[in-house]
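Step one of this worksheet: look at the structure below.
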Amino acid sequence: MDIPLIGITVLWIFLYGYLIVASIDFGAGFFAFHGKMTKQDHIINDLISRYLSPVWEVTNVFFVFFFVGIVGFFPKTAYYYGTALLIPGSVALILLVIRGSFYAFGNYGSKDNRVYLFLYGATGLLIPAALSTTLTISEGGFLEERDGTIVFLAKELFTSTYSWSVVFLAIVSVLFISASFLTYYADRANDQNALSLLRKYALLWAPPTIVASLLVFIGLKGHNLRHFNNAMDIWYMFGLSLFFFLAATWLIYKGKKYGIAFIFVMLQFFFAFFGYGASHLPYILDPYITIYSGVTNETMGITLIIVFIAGLLLLIPSLILLLRLFLFDADYVKGKK
Amino acid sequence: MAELDSVLLSRMLTTLTLAFHIIFATIGVGVPIMISIAEFIGIKKNDEHYLLLARRWARGFVVTVAVGVVTGTVIGLQLALLWPSFMELAGQVISLPLFMETFAFFFEAIFLGIYLYTWDRFKKPIYHWLISLPVVIGSSLSAFFITTVNAFMNTPQGFSVEDGILVGIDPLAAMFNPATPSKVFHVLSSSFMTCAFILAAISAFVLLKGRGTDYHKKALKLTLISAFIFSFFTALAGDLSAKFLAEYQPEKLAAAEWHFETEEGADLIFFGTLNEEGEIENEIRFPKLLSFLAFNDFDAEVIGLDQIPDDEEPPLIVHYLFDVMVMIGMYGLGISLLGLVLMKFKPKFLYNKVVLWLIVASGPLAMIGIEAGWFYAEIGRQPWILRGFMKVAEGATTSTHLPIIFGLFLVLYLILGVICVVVLRKIFRNNPAEAELERRFK
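If you read the sequences in order, they're chains A and B.
For the first sequence, position 292 matches number 292 in UniProt numbering, and the numbering has no gaps at all.
For the second sequence, position 88 matches number 88 in UniProt numbering, and the numbering has no gaps at all.
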């Protein structure tokens, strides 16, 4: 494998990691707020907070890792995306700031403050929407080079059906991933009330997820035929994704093996996400940057890969410790510790 | 003009974000070590006052960490959003420390989560204390890596330019550039020092208000001793930084010292103003001291601004920032030394109103010192963004949407700052230490 390919694979893995952990986090924030509004907070909010409290900061790092990494491996992206994305990027940043701070304010300071919970819950759906536009832009057609500077075509983005189908997919996926994880978590906590509510949410958000995925495919065909055709070449990736989706939903519907069901949900998104990523290659930003034209110099590429491996050796044991203490520790999950 | 505006606005927005972030970043670097020290003493002495100190500091800390994390994320992305050309160029050399900083941050984030939620989960308390170590290491390493990036911007090395293309890149040489040692030393020691003073100020304030107990007295002593040690190292780091500047960035030192003519036996100038002819008035002059500070030799030659091309001269305003920073550093060293002397010889007098007020002042002052120091360091390298290679104006975005973005972030930080203070007050106000001690340990 060559350096650009390793680089983009590493980054894609981290983006996938962020997709999963952030979806759980974003969705949980929304469910917590929704629970409060519909007076069901006594059922699920303790459970949610028990999961989120020790891990919210880690979630954020996945995101930082991705954008630091992409500038590191592909410095040219900084120029193109940086110039063009000032407005959408800043909006996403402001939402992230609001969400992170008000989580802490609400959770450690003023518990039961509705405004804090609202800001935390609402941003949970707006952030995925804002971030997903970056993926849309990477398909091309929303940036233009004029007089040596990069112009972002906001109007095109806002009126594109493809763009809206991606936003729609991002939001419903967040709710689906989050609900299926929390169902599993409630099951482990042996909390029947929370389980039955969250299971309903998971089943509720399953059909829109698959509908949205189809819409994105149709939209992609209209927007970027090259990418669509590449995707068709690896149709089995998407087939596997669909298979795992059906299996996961069936398990949740039958009310058994929630852990396996959640792993299936992760696999569903794994195949969809990597299928999408692989068919996008070699472009990072169609048609301006490919992983070969935008890659950093070789020395830096190799150094980054070495550091990445060393970093993983440090992180993986730490993450396992974190999971063992808070996710796989039955007493903690049940609220006894 | 449009281009000039976007450069200025990019600078203003970066300044705004960094000035806000640095408050929380400093707390993020300095407070973990204080928490760790308090818990260690608590376990060793089997003294629940210290254990409670660690817990309460940690509880306030987590709120500030949240704001620090999110504003750190902002500046990380703003680098690319506001300075795309700079990142495209420098990104090829500085990705390594940026990448490693994320790992350090990751490490810290994982163990901070564990630390905060495992207070009573281990049979032996020392196991819990051990978890504080990765937090301290992670936060200090983050500071280290990110400071090397800033150091690189001041003294770039580890690459060469051929026809506008960077070649011969050596990531380690770029990281360990001449500015790195003194900068890292100064950043770490001053963060530790500032946090020790802030925590000392809180204890002193409670004692002043008459709500103080043995718990607060112990807190005051612990923080003052730490503050003295850290102040000493900060002063040492400051001296090393001046020597570094004299050798590698003479224009920054010269601007800070209003040292216009290159000469041997240069005077150190304290305070003062510039009149309209650009002459110094109302100053306090220490003969030959600048030469000594710069080279440990009263007669050494110090390069003045006359040797620097006019369009590469930093703004002279940095002199005031330099003075503020140094004065506050001296004040901190003095006040913590006074505290130590009183503790040893006149323990009662430590709780005298005047002394307590002086300590209360040290907290906010130290944070002002941090801000002044960073403003000095950053404005002092104008007009360069990458000293010797790229000027600020060449690195900035060309977007025309900056005014609204600047406004949005300004409002955001104002609201966050206010709510953060409100929330922190609320956490501690209605939950005095003694009551919590009663509840938790008795």
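A virtual CB, placed ideally from N, CA and C, is assigned to each residue, including glycine.
Note that the structure is predicted; figures quoted are calculated from it, not measured.
Please report how far the alpha carbon of LEU79/B lies from the alpha carbon of PHE122/B, in whole angstroms.
In this model, LEU79/B and PHE122/B are separated by some 42 Å (Cα to Cα).
Nearest-angstrom Cα distance between ASP25/A and VAL326/B?
Between ASP25/A and VAL326/B, the C-alpha separation is close to 45 Å.
Just to make sure I have the definition right: I need the residues of chain B whose C-beta is within less than 9 Å of the C-beta of TYR81/A. Which are they?
In chain order: ALA80, LEU81, PRO84.
Whole angstroms is fine: what's the gap from ILE171/A's alpha carbon to ILE37/B's?
Taking the straight line joining both Cα atoms gives about 45 Å.
Between the CA atoms of GLN192/A and GLN40/A - distance to the nearest angstrom:
When rounded, the distance between both Cα atoms is 14 Å.
Where ALA366/B meets chain A, residues with beta-carbon distance less than 9 Å:
Chain A residues near ALA366/B: none, gap ~24 Å exceeds 9 Å.
Under 9 Å between C-beta atoms, does GLY109/A make it to chain B?
Yes - at least one Cβ of chain B is within 9 Å of the one on GLY109/A.
Please compile the residues from chain A whose C-beta is within a distance smaller than 9 Å of the C-beta of VAL135/B.
For the C-beta of VAL135/B, not a single chain A residue is nearer than 9 Å; the gap to the nearest is close to 11 Å.
When you compare only the Cα positions, how much space is there between VAL67/B and LYS155/A?
Taken atom to atom, the span from the alpha-carbon of VAL67/B to that of LYS155/A is near 33 Å.
Give me the subset of the stretch 267-290 of chain A whose CB atoms are less than 8 Å from a CB atom of chain B, sorted by chain position.
Going along the stretch 267-290 of chain A in chain order, one finds no residue with a Cβ nearer than 8 Å to chain B.
At 4 residues or longer, and completely inside the stretch 7-92 of chain B: list those alpha helix (DSSP H) runs for me, N to C.
As far as the stretch 7-92 of chain B is concerned, its whole alpha helix (DSSP H) runs of at least 4 residues are 48-82.
Beta-carbon proximity list for SER53/A, same chain, < 8 Å, skipping 5 on both sides
ASN107, listed in sequence order.
So which residues of chain B does TYR103/A contact, with C-beta pairs closer than 9 Å?
Contact annotation for TYR103/A against chain B: ALA66 [CB-CB distance below 9 Å, chain order].
Within a Cβ cutoff of 6 Å, which residues of the same chain sit near PHE228/A, ignoring the five residues on either side of it in sequence?
Contacts found: LEU220, LYS221.
Since GLU251/B contacts ILE308/B with CB under 8 Å, what's their CB separation in whole angstroms?
So it is a contact: roughly 4 Å between Cβ atoms.
So that I know if they touch, is there some Cβ in chain A lying closer than 9 Å to that of VAL74/B?
It does: the Cβ of VAL74/B has a partner Cβ on chain A nearer than 9 Å.
Where does LEU285/A fall in DSSP's three states?
Under the three-state reduction of DSSP output, LEU285/A falls in the strand class.
Quick one: grab the DSSP three-state call for ASN150/B.
Under the three-state reduction of DSSP output, ASN150/B falls in the helix class.
Between GLY369/B, TYR50/B, MET343/B, GLN249/B, which lies nearest to VAL187/B when the distance is taken from Cα to Cα?
Selected option, being the one with the closest Cα: GLY369/B.
Chain-order list of residues whose beta-carbon lies under 6 Å from that of LEU321/B (same chain, five-residue window excluded)
So the list reads ALA372, PHE375, TYR376, once near-sequence residues are dropped.
So for LEU274/B, helix, strand or coil by DSSP?
In this structure, DSSP gives LEU274/B an extended state, which the three-state scheme calls strand.
Measuring alpha carbon to alpha carbon, tell me which residue in LEU133/B, GLY91/B, SER231/B is nearest MET153/B.
Of the candidates LEU133/B, GLY91/B, SER231/B, the one whose C-alpha sits nearest the C-alpha of MET153/B is GLY91/B.
What is the residue span of the alpha helix (DSSP H) that ASN282/B lies within?
Segment 280-286 is the beta strand (DSSP E) holding ASN282/B; no alpha helix (DSSP H) there.
Compare the C-alpha of LEU429/B against each of HIS49/B, VAL206/B, PHE99/B, ASP47/B and name the closest.
Reading the sequence as shown, one finds Arg at residue 429/B and not Leu. Per the Cα distances, VAL206/B.
Within the 9 Å Cβ cut-off, does GLY100/A reach chain B?
Yes, contact with chain B.
Check whether the Cβ atoms of LEU153/A and LEU81/B sit closer than 9 Å, and answer yes or no.
No, the pair does not count as a contact, with Cβ atoms beyond the cut-off.
Taking only beta-carbon atoms, is GLU101/B less than 9 Å away from chain A?
It does; some Cβ of chain A falls within 9 Å.
I'd like the span of the beta strand (DSSP E) that includes VAL167/B, first residue to last.
Looking at the DSSP string, the run of the beta strand (DSSP E) that includes VAL167/B is 165-167.
Count the CB pairs spanning the stretch 193-202 of chain B and the stretch 210-229 of chain B that are closer than 8 Å, and state whether there are at least three.
When Cβ pairs closer than 8 Å are counted between the two stretches, the stretch 193-202 of chain B is seen to touch the stretch 210-229 of chain B, the count reaching three or more.
Where SER196/A falls, given that 16 or more other Cβ within 10 Å makes a residue buried:
Per the 10 Å Cβ criterion, exposed.
Beta-carbon neighbours of ILE114/B, restricted to chain A and to distances below 9 Å
Within 9 Å Cβ-Cβ: PRO54, SER318, LEU321, LEU322, LEU325, PHE326.
Rounded to whole angstroms, how far is the Cβ of PHE111/B from the Cβ of PRO97/B, which I believe are closer than 8 Å?
In fact, because the Cβ distance is near 21 Å, the residues do not count as touching under 8 Å.
So, is HIS414/B buried or exposed, given that buried needs 16 or more other C-beta atoms within 10 angstroms?
Looking at the sequence shown, residue 414/B is not His but Leu. Answer is exposed; the Cβ neighbour count stays below 16.
By the three-class DSSP mapping on this structure, what secondary structure does PRO317/A have?
Assignment of PRO317/A by DSSP, reduced to helix, strand and coil, places it in the helix class.
Please identify the residue among ILE335/B, LEU116/B, HIS128/B, GLU378/B whose C-alpha is closest to the C-alpha of ARG56/B.
It is LEU116/B.
Sheet register partners of LYS391/B (DSSP bridge):
Beta-bridge partners of LYS391/B (DSSP): TRP384/B.
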